[in-house]
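J.: My questions all concern the structure below.
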Amino acid sequence: MAMTTMEIREEDWKVCCGSSDFAKLMVKASPFNSLDAAIESARDIWFNQVNVAAWLEAFAAHPQIGKSPSPSSNSDFARRSVTEQSRAFATTSASALEELAEWNVLYRQKFGFIFIICASGRTHAEMLAELKGRYANRPIVELEIAAKEQMKITELRMAKLFSEKAKVVSQTESTKPQEDRLRIIGGHLNVAEAPKRSRPPITTHVLDVSRGAPAVGVEVHLEVWNGTTSPSFGHGGHGDWSMVGTSATDKDGRSGPLMDLVEALKPGTYRISFNTGKYCPGGFFPYVSIAFEVTESQKWEHFHVPLLLSPFSFTTYRGS
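So that you can map any letter, position 23 of the sequence shown is 233 in my numbering, and since no number is skipped, the others follow by simple counting.
Encoded structure:
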């Protein structure tokens with residue numbers, strides 16, 4: 211399903227960011243043909259279009275760090291907050307939570323809003339140290355830092371929103387032969403409509419959602435399956451993976467070319483792998499591999515397969 215047909219409502223945007231003005235402006239700027247385009251627009255709206263009151267409204271929508279949301283909170287927003295803070299407070303002692311609560315009070319008394327930090331992948335100790343360090347800031351400096359942290363949270367939630375909205379069409383073994391014949395026929399019918407490419411048919415980028423920034427220098431490998439039968443869950447099939455190309459992400463998080471610029475992509479099963487262990491040595495994933503299938507009728511299409519990465523989670527989707 212193309213991203214331009216996704217229905218993303220104002221309430222969806224408000225789960226990403228608790229500002230009503232931000233949500234309204236995102237609806238006005240819609241539709242977006244990719245997550246990248248949506249994030250670019252969101253950054254402009256957040257930093258250049260909404261006012262400070264909108265920032266404060268977004269801050270106020272969050273539960274205090276280390277504190278559960280109130281029952282009256284927006285349920286979807288509250289669910290996101292609990293998930294983002296779950297690792298940090300899963301094994302935190304009562305005394306540690308008490309110290310954090312005391313610093314939260316001091317922070318709010320000084321700045322007039324709660325402490326905002328992108329909690330995903332962070333420990334309690336890391337967040338407490340950050341709170342203590344930022345407490346020394348001037349209010350005008352801290353307001354800007356909080357706004358940047360909110361944008362990191364927003365981008366992480368937008369990535370999850372796009373992932374959840376993406377429709378996945380599953381195939382069953384009983385209908386696969388008939389569907390394959392239809393795809394082959396469709397592929398022949400679409401030959402006359404083949405577009406002229408300006409980039410290789412398979413591309414990727416990596417976003418470090420824990421920092422809200424592109425992941426620079428991540429090694430990327432693209433492989434294709436060579437075999438008489440396709441690989442499936444739990445079974446490698448008869449064949450092996452063959453390297454198509456390698457690259458690394460640049461300052462924008464985009465990899466260099468992973469394959470030649472060809473008009474028709476060879477149908478088959480492809481696998482794109484990321485050396486996440488080298489990029490994030492303390493993370494949970496030594497590497498991440500994503501396998502996907504290109505059918506006969508899809509050989510003229512573009513496949514953008516990004517990785518949205520944090521030390522302890524990742525997500526992906528088919529972009530454009």
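Think of the CB as a built atom: it goes at the ideal place given N, C-alpha and C, for glycine as much as any other residue. All values reported here derive from a predicted model rather than from experimental measurement.
Taking 7 Å as the limit between beta carbons, can you name the residues of its chain near L432, skipping five residues before and five after?
T.: As a first step, residue 432 is located in the sequence shown; it is residue number 222 there, counting from the start. Cβ neighbours of L432 beyond the five flanking positions: I412, V454, G455, L468, M469, Y480, I482.
J.: Going by DSSP, which residues form a beta bridge with S520?
T.: As a first step, residue 520 is located in the sequence shown; it is residue number 310 there, counting from the start. S523.
J.: Would you call the CB atoms of C328 and A268 closer than 8 Å?
T.: What you label residue 328 is simply residue 118 of the sequence shown in a count that begins at 1. What you label residue 268 is simply residue 58 of the sequence shown in a count that begins at 1. Contact: no.
J.: Tell me the rounded alpha-carbon separation between T505 and L371.
T.: Against the sequence shown, residue 505 aligns to sequence position 295. Against the sequence shown, residue 371 aligns to sequence position 161. Each residue's Cα considered, the two are about 27 Å apart.
J.: Can you tell me where the alpha helix (DSSP H) with L341 in it begins and where it stops?
T.: Translated into positions along the sequence shown, residue 341 becomes position 131. Start and end: 334 to 344.
J.: Hey, quick one: how far does the alpha helix (DSSP H) through I327 stretch, first residue to last?
T.: The sequence position of residue 327 within the sequence shown is 117, counting from 1. From DSSP, I327 is part of no alpha helix (DSSP H); its letter is neither H nor E.
J.: What residue range is occupied by the uninterrupted alpha helix (DSSP H) comprising R253?
T.: Against the sequence shown, residue 253 aligns to sequence position 43. 245 to 254 is the extent of the alpha helix (DSSP H) around R253.
J.: My assumption, with CB atoms under 8 Å, is that T414 sits in contact with H514. Please give the rounded CB distance.
T.: As a working mapping, residue 414 is identified with position 204 in the sequence shown. As a working mapping, residue 514 is identified with position 304 in the sequence shown. Their Cβ separation, rounded to whole angstroms, is 7 Å, which keeps T414 and H514 in contact under 8 Å.
J.: Taking N436 and S420 to be in contact with their CB atoms under 8 Å, please state how far apart those CB atoms are, rounded to whole angstroms.
T.: Mapped onto the sequence shown, residue 436 falls at position 226. Mapped onto the sequence shown, residue 420 falls at position 210. With 8 Å as the limit, N436 and S420 do not qualify as a contact, their Cβ atoms being about 36 Å apart.
J.: Mind listing, in chain order, the continuous beta strand (DSSP E) runs of no fewer than 3 residues lying wholly within the segment 419 to 461?
T.: Within the segment 419 to 461, the complete beta strand (DSSP E) runs of at least 3 residues are 429 to 437, 449 to 458.
J.: In angstroms, rounded to a whole number, what distance separates the CA positions of K224 and L316?
T.: For the purposes of this step, residue 224 is taken as residue 14 along the sequence shown, with counting starting at 1. For the purposes of this step, residue 316 is taken as residue 106 along the sequence shown, with counting starting at 1. Near 28 Å, if we compare the C-alpha coordinates of L316 and K224.
J.: Which of helix, strand or coil does DSSP assign to Y480?
T.: By 1-based counting over the sequence shown, the position of residue 480 is 270. Y480: strand per DSSP, three-state reduction.
J.: Using 8 Å as the threshold, is the segment 492 to 510 in touch with the segment 338 to 345, meaning 3 or more CB pairs across them?
T.: Result no; under three Cβ-Cβ pairs closer than 8 Å.
J.: Could you tell me if L471 is buried or exposed, where buried requires 16 or more neighbouring beta carbons within 10 angstroms of its beta carbon?
T.: Here residue 471 is taken as the residue at index 261 of the sequence shown, counted from 1. Exposed.
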